[in-house]
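Some notes on the structure that comes next.
There are 2 protein chains.
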Amino acid sequence: MEYAIDFEANNAKFQKEGFPGQQPLRPSKHVAIVSCMDARLDMHKALGVAIGEANLIQNAGGRTTEALRSLVVSQQLLGTKEIHVIHHTGCGMLIFTNTELRNKIKQDLGTSAADAAGAVDFLPFPDVDQSVRDDVKFLKDSPLIMDVPIQGWVYQIEDGKIRKVD
Amino acid sequence: MEYAIDFEANNAKFQKEGFPGQQPLRPSKHVAIVSCMDARLDMHKALGVAIGEANLIQNAGGRTTEALRSLVVSQQLLGTKEIHVIHHTGCGMLIFTNTELRNKIKQDLGTSAADAAGAVDFLPFPDVDQSVRDDVKFLKDSPLIMDVPIQGWVYQIEDGKIRKVD
Numbered sequence: 001m002e003y004a005i006d007f008e009a010n011n012a013k014f015q016k017e018g019f020p021g022q023q024p025l026r027p028s029k030h031v032a033i034v035s036c037m038d039a040r041l042d043m044h045k046a047l048g049v050a051i052g053e054a055n056l057i058q059n060a061g062g063r064t065t066e067a068l069r070s071l072v073v074s075q076q077l078l079g080t081k082e083i084h085v086i087h088h089t090g091c092g093m094l095i096f097t098n099t100e101l102r103n104k105i106k107q108d109l110g111t112s113a114a115d116a117a118g119a120v121d122f123l124p125f126p127d128v129d130q131s132v133r134d135d136v137k138f139l140k141d142s143p144l145i146m147d148v149p150i151q152g153w154v155y156q157i158e159d160g161k162i163r164k165v166d
Numbered sequence: 001m002e003y004a005i006d007f008e009a010n011n012a013k014f015q016k017e018g019f020p021g022q023q024p025l026r027p028s029k030h031v032a033i034v035s036c037m038d039a040r041l042d043m044h045k046a047l048g049v050a051i052g053e054a055n056l057i058q059n060a061g062g063r064t065t066e067a068l069r070s071l072v073v074s075q076q077l078l079g080t081k082e083i084h085v086i087h088h089t090g091c092g093m094l095i096f097t098n099t100e101l102r103n104k105i106k107q108d109l110g111t112s113a114a115d116a117a118g119a120v121d122f123l124p125f126p127d128v129d130q131s132v133r134d135d136v137k138f139l140k141d142s143p144l145i146m147d148v149p150i151q152g153w154v155y156q157i158e159d160g161k162i163r164k165v166d
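Chains as they are written, first to last, in full-length UniProt numbering: chain A, 1 to 166; chain B, 1 to 166.
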């Protein structure tokens, strides 16, 4: 099977030229980042994060409700002491509703998929600054998250710039 | 507030030297990757993935049960046509049980956190090859996932090498 990206060839090059040697399990900068799976984001590059420094959690939208399990592991087992929540302009989560996506799934994948999709909240949002505020608040209100600094950000896909959300 | 990594200074440099210009929403290589939040992983570097090419989902362990929502969005809205599941040696998920983590949370965060943690499966696993197989099978069996190639991998934190899991 040939895949779209030749991971094995690229990885052989990485082993020779990019691998920094074995690092400790615990992030050296004690940082946890929650961001989006979007193909246009490379948070290591965009934020200047080196291998070994930070836990990087990514999902569709960068939603913290879904990242909660990972953040608890990050704090309790891996010792992270600050959290950054980074959503972005032009996010796919801005352009659909649960109903629209469920209808598409029913059309493409049939009835059993539609039944399964009915139980899933795909977590779309209409406003990226507000989604950052909501997701920071969710963490601040959660009894499972330690009392640490939590900062919200928006990454601009137009120019690669980050800006804080208060 | 000063944070452990100076995101704004690093990002200013990225805008000048690293930002490749605005890219389309849909991943140009039609690839979705599920991997771990571990600080030692930089999947863009380790796999040779450029900005714009692939959706990158990351959580504690790289568990596909939790990534399902994101993968459906990736396939249905963003047009990805292959999935790669990449767990790694030395994973934090190998070194605890739900009971141990819940006990630690009760001790550190108190009773209301302990109650909340009782409802969370933190998804630890005892064997990394088996967890990859389990997580690939979960996707292959899911009615919500399209019939596309799904490949499992292990990334070795000791030397940066990836290997396929059959």
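Even glycine gets a Cβ: it sits at the ideal position worked out from N, Cα and C.
From the listed residues Thr111(B), Lys81(B), Leu25(B) and Lys29(B), the smallest Cα separation to glycine 92(A) is found for Leu25(B). No Cβ-Cβ contact shorter than 8 Å links asparagine 59(B) with leucine 47(A).
Taking a Cβ-Cβ cut-off of 7 Å, the neighbours of glycine 92(A) in chain B comprise Leu25, Val73, Leu77 and Leu78, given in sequence order. By the neighbour-count criterion, in which a residue is buried when 16 or more other Cβ atoms sit within 10 angstroms of its Cβ, proline 20(B) is exposed. Counted as a single uninterrupted DSSP element, the beta strand (DSSP E) harbouring histidine 87(A) occupies residues 82-88. Shortest Cα-Cα distance from alanine 119(A) to any of Glu8(A), Asp127(A), Val128(A) and Arg102(A) involves Arg102(A). Isoleucine 51(A) is not a Cβ neighbour of isoleucine 33(A), given a cutoff of 8 Å. For the pair leucine 144(A) and alanine 116(B), the CB atoms are nearer than the 8 Å cut-off.
In this structure, Asn55(B) is the residue among Gln107(B), Asn55(B), Lys104(B) and Phe96(B) with its C-alpha nearest to the C-alpha of valine 85(B). Listed along the chain, the chain A residues whose CB falls inside 8 Å of the CB of phenylalanine 138(B) amount to none; the nearest CB is some 13 Å away. With a minimum length of 3 residues, there is no unbroken run of beta strand (DSSP E) contained wholly in the region 107-154 of chain B. Nearest to isoleucine 95(B) by C-alpha distance, out of Pro126(B), Leu78(B) and Lys13(B), is Pro126(B). Assignment of alanine 60(A) by DSSP, reduced to helix, strand and coil, places it in the coil class.
With respect to chain A, the C-beta atom of isoleucine 150(B) has no partner C-beta closer than 8 Å. Interface with chain A (8 Å Cβ-Cβ cutoff): lysine 161(B) is included.
For alanine 32(A), the secondary structure class from DSSP, reduced to helix, strand or coil, is strand.
By the criterion of a C-beta distance shorter than 7 Å, threonine 80(A) is surrounded in its chain by Pro27, His30, Val31, Ala32, Asn55 and Ser74, once the five residues flanking it on both sides are discounted. With fewer than 16 other Cβ atoms inside 10 Å of its own Cβ, lysine 164(B) counts as exposed.
Spanning the alpha carbons of isoleucine 5(A) and lysine 16(A) requires a straight line of approximately 19 Å.
When DSSP states are grouped into helix, strand and coil, alanine 54(B) belongs to the strand group. The alpha-carbon separation between lysine 161(A) and tryptophan 153(A) amounts to approximately 10 Å.
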